[in-house]
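Heads up: the sequence shown begins at 1 in full-length UniProt numbering, then just goes up one per residue.
Built from N, CA and C at the ideal position, the CB exists for glycine as well.
None of these values were measured; they are calculated from a predicted model.
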Amino acid sequence: MIRQDEKLILRTPILSESYSQDESAESDAKTNNNMLGYVALELDLKSVRLQQYREIFISTVMMLFCIGIALIFGWRLMRDVTSPIRNMVNTVDRIRRGQLDSRVEGFMLGELDMLKNGINSMAMSLAAYHEEMQHNVDQATSDLRETLEQMEIQNVELDLAKKRAQEAARIKSEFLANMSHELRTPPQRRDWLYPPDPQDRAKPNPARPSAYH
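The structure is reproduced here in structure tokens:
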């Protein structure tokens with residue numbers, strides 16, 4: 001093999017068919033007599049190097065093309081899968097915080113669209129349940145307020161009735177006390193306390209016996 005500048009020469013001898021490698025060493029001296037010539041192959045390294053550059057260029061272009069395709073698929077995956085999933089996660093988090101009017105928006109494909117519809121249906125059901133529960137709470141609060149007002153009115157009426165009963169009991173007690181005092185007081189004492197009318201003195205008292213009888 002001989003290299004000259006931009007050329008590579010490959011040369012090999014051509015031996016006669018009568019020559020055998022199994023012959024003794026003495027016959028090796030006759031090899032030159034059995035050599036018929038040489039076969040030389042000249043390679044132009046410029047064309048080989050150009051071919052190498054071409055293959056490297058093609059490989060680089062193919063690699064860049066594959067990277068571009070991968071980037072496009074990654075972008076589509078992010079747009080069609082990752083972003084909708086992130087949107088649904090954020091919507092579910094807002095619903096968890098009590099924002100029941102939150103909905104998943106945007107166009108989605110396949111199972112993601114089914115999941116979007118399921119989340120929106122769940123949000124609508126929760127909103128309806130919350131409204132019904134709030135209505136029941138408001139109704140119960142209103143009923144309780146009315147009941148408390150009625151109880152307050154009844155308490156006022158009971159307080160007034162209690163005061164009237166206490167006043168009636170006091171008047172009755174005073175009346176009974178006066179009557180008891182009158183019954184225990186002797187007639188002379190009563191006459192002294194309450195002097196009779198002069199007109200009543202002139203009238204005969206049938207209960208007293210006359211002194212002339």
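How many angstroms separate the CA atom of residue i from the CA atom of residue j?
| i | j | result |
| --- | --- | --- |
| L160 | N120 | 60 angstroms |
| V137 | G118 | 28 angstroms |
| D143 | Q150 | 10 angstroms |
| E167 | L158 | 14 angstroms |
| G37 | S16 | 9 angstroms |
| I171 | L148 | 34 angstroms |
| L71 | P13 | 56 angstroms |
| M50 | I56 | One point to set straight first is that residue 50 is Leu, not Met, in the sequence displayed. Their backbone Cα atoms lie some 10 angstroms apart in a straight line. |
| Q52 | I69 | 25 angstroms |
| L176 | V156 | 30 angstroms |
| H135 | R145 | 15 angstroms |
| E111 | R76 | 16 angstroms |
| S173 | E152 | 31 angstroms |
| K116 | F73 | 23 angstroms |
| M78 | D113 | 16 angstroms |
| K162 | A169 | 10 angstroms |
| residue 224 | R164 | No answer is possible for residue 224: the residues shown for the chain start at 1 and end at 213. |
Short of 8 angstroms in beta carbon distance, which residues of its chain neighbour residue i, apart from the five on each side in sequence? Order them along the chain.
| i | result |
| --- | --- |
| A140 | none |
| R190 | For R190, the pLDDT reaches just 48, beneath the cut-off of 50, and the residue's location in the model is therefore unreliable, although a value from the coordinates is still provided. Around R190: E182. |
| V92 | I119 |
| M35 | P13, I14, L15 and S16 |
Is residue i near the ligand MN, judged by its Cβ being under 7 angstroms from some heavy atom?
| i | result |
| --- | --- |
| T147 | This structure lacks the ligand MN, and indeed carries no ligand of any kind. |
Using a Cβ-Cβ cut-off of 6 angstroms (strictly less than) and excluding sequence neighbours within five positions of residue i, which residues of its own chain qualify?
| i | result |
| --- | --- |
| T60 | none |
| S126 | Ser is not the amino acid found at residue 126; the sequence shown has Leu there. Taken in chain order, the residues that qualify are L100. |
| M62 | none |
| I95 | S102 and A123 |
| R54 | none |
| I58 | none |
Taking 8 angstroms as the cut-off, decide whether the C-beta atoms of residue i and residue j are in contact.
| i | j | result |
| --- | --- | --- |
| V48 | R11 | no |
| E42 | I9 | yes |
| K7 | L45 | yes |
Does chain D have any CB closer than 8 angstroms to the CB of residue i?
| i | result |
| --- | --- |
| H135 | Of the chains in the structure shown, none is chain D; there is only one protein chain. |
Apart from the five residues just before and just after residue i, which ones in its own chain have a Cβ nearer than 7 angstroms to its Cβ?
| i | result |
| --- | --- |
| D80 | L109 |
| S24 | Confidence in S24 is poor, its pLDDT being 47 and thus under 50, which makes the residue's placement unreliable; the coordinate value appears in the next sentence. None. |
| M179 | none |
- Query: Can at least three beta-carbon pairs, one atom from the region 96-104 and one from the region 124-131, be found at a separation below 8 angstroms?
  - Reply: yes
- Query: Does the pairing of the region 82-93 with the region 105-113 give three or more beta-carbon distances under 8 angstroms?
  - Reply: yes
- Report the residue ranges of all alpha helix (DSSP H) runs contained in full by the UniProt domain "HAMP" (79-131); include only those spanning at least 4 residues, in chain order. 83-96
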